[in-house]
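Residue numbers (our numbering), protein chains in the order written: chain A, 370 to 517; chain B, 958 to 1200. Even for Gly, the Cβ is constructed at its ideal location relative to N, Cα and C. Right, one structure below, let's go through it.
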Ligand code: SF4
Ligand code: SF4
């Protein structure tokens, strides 16, 4: 389908906890799921990646303009990859990357890793597709009759 | 980059920075700055509130305590540590920011963060949304049953609660059970498919800990201890936090 995917390295998981080895594990998983040729890294990445701007409580700080100003770095990084999906293996990153995507009107979707893994295994039901874009919404739907 | 010149009001003891240096390992290297600017040039918070990390550190060094303690920038730095990663002297600017946050009176701290920190301490679930044990249990059981019926291949799938001796104790961000419960299911499916021996706990299940963000050390410790106890009480070997 030639859909491109990029991945956000969560600061908390990568730079602040397990470093580049876990960033490699993450890429191994993502590439296994989407296919090596459909994966593109944002720049910079791994331990050198920018924070999404949702960290440190920024999402709950009541400073949305500053938060989105910070997030513009992340938005530009994602847009430059040309990917239509940004995979965010952190809850906070997911909320922020999703929000800046809508705010700056970027043409990308924000995905939890679990969604993608289940999609690739053919076990993603119709009600578990909130964050898939139109291109993947109807692909390999598990038990479509259970749509709510 | 901010353009305004820092106005230095004469020699003053750098009280706040010295206090922070007593707390941070190796004093956070706060006295070693070469003013190279690597931190600021690679920081997305540069320019917000007319501040950047180098300037913040310089102001602390010059004893401009009032200015740094009152700047909202302390809440705009995400403490992501990218500057530390880039800094030739490994200066712990986020450590400084953390301690600035800590010095803010509780009632002046951002309400969203402060409120979540407080709510989480009222309940053994540690949920920042205040979700009690029985609500979490109800949602998990209800959703599980629904999927067992609708997708018969997963009839045997479990989402165990308080399963003693399970290998993994799994935390869950409050947002899923409260606002989008279907999003819990893909993770359950993966765990089921690989045959993982896991459990949720009705106590200590919530992944978030906002007390960390408002640098409320007592609250933070309280929450960590409640969760760790929940893991220990069930005799689980690993504690997985998906936050
Ligand atoms: S990168 Fe380090 S040495 Fe350079 S200005 Fe920033 S804190 Fe100072
Ligand atoms: S920790 Fe703060 S100052 Fe350092 S790079 Fe991250 S946001 Fe900037």
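- Going by beta carbons, residue 456 of chain A and residue 482 of chain A fall inside the 7 Å limit.
- Using a Cβ-Cβ cut-off of 7 Å, residue 384 of chain A counts as an interface residue toward chain B, since at least one Cβ of chain B sits closer than that to its own.
- The three-state reading of DSSP puts residue 484 of chain A in helix, counting H, G and I together.
- Taking C-beta atoms under 8 Å as the contact rule, residue 1171 of chain B and residue 1066 of chain B qualify, at a distance of about 5 Å.
- In its chain, beyond the 5 residues on either side, 407, 408, 409, 450, 451, 452, 453, 454 have a beta carbon closer than 8 Å to the beta carbon of residue 373 of chain A.
- Remark: the C-beta of residue 440 of chain A is outside contact range of ligand 1, defined as less than 6 Å to any heavy atom.
- The C-alpha of residue 1148 of chain B is placed about 18 Å away from the C-alpha of residue 1188 of chain B.
- Sixteen is the threshold: since fewer than 16 other Cβ atoms of the shown chains lie within 10 Å of the Cβ of residue 980 of chain B, the residue is exposed.
- Under the three-state reduction of DSSP output, residue 376 of chain A falls in the strand class.
- Between residue 400 of chain A and residue 422 of chain A, the C-beta gap is not smaller than 7 Å, which leaves the two residues out of contact.
- Counting only Cβ-Cβ distances below 8 Å, residue 1130 of chain B has contacts in chain A at 460, in chain order.
- Bridge pairing for residue 1196 of chain B: B:1126 [DSSP].
- The beta-carbon of residue 407 of chain A is placed no less than 7 Å from the nearest beta-carbon of chain B.
- Taking 7 Å as the CB threshold, residue 486 of chain A lines the interface with chain B.
- Taking all protein chains in view, the Cβ of residue 1144 of chain B is crowded by 16 or more other Cβ atoms within 10 Å, so the residue is classified as buried.
- Cβ contact annotation for residue 1071 of chain B (same chain, cutoff 7 Å, sequence separation greater than five): 1063, 1171, in chain order.
- Between the alpha carbons of residue 1097 of chain B and residue 396 of chain A lies a distance of about 31 Å.
- Using a Cβ-Cβ distance cut-off of 8 Å, the stretch 371-390 of chain A and the stretch 1034-1051 of chain B are in contact, since at least three pairs of beta carbons, one from each stretch, lie closer than that value.
- Against chain B, the CB of residue 425 of chain A has a partner CB under 7 Å away; the residue lies at that interface.
- Contact annotation for residue 374 of chain A against chain B: no contact, minimum CB-CB distance about 16 Å [criterion: below 8 Å].
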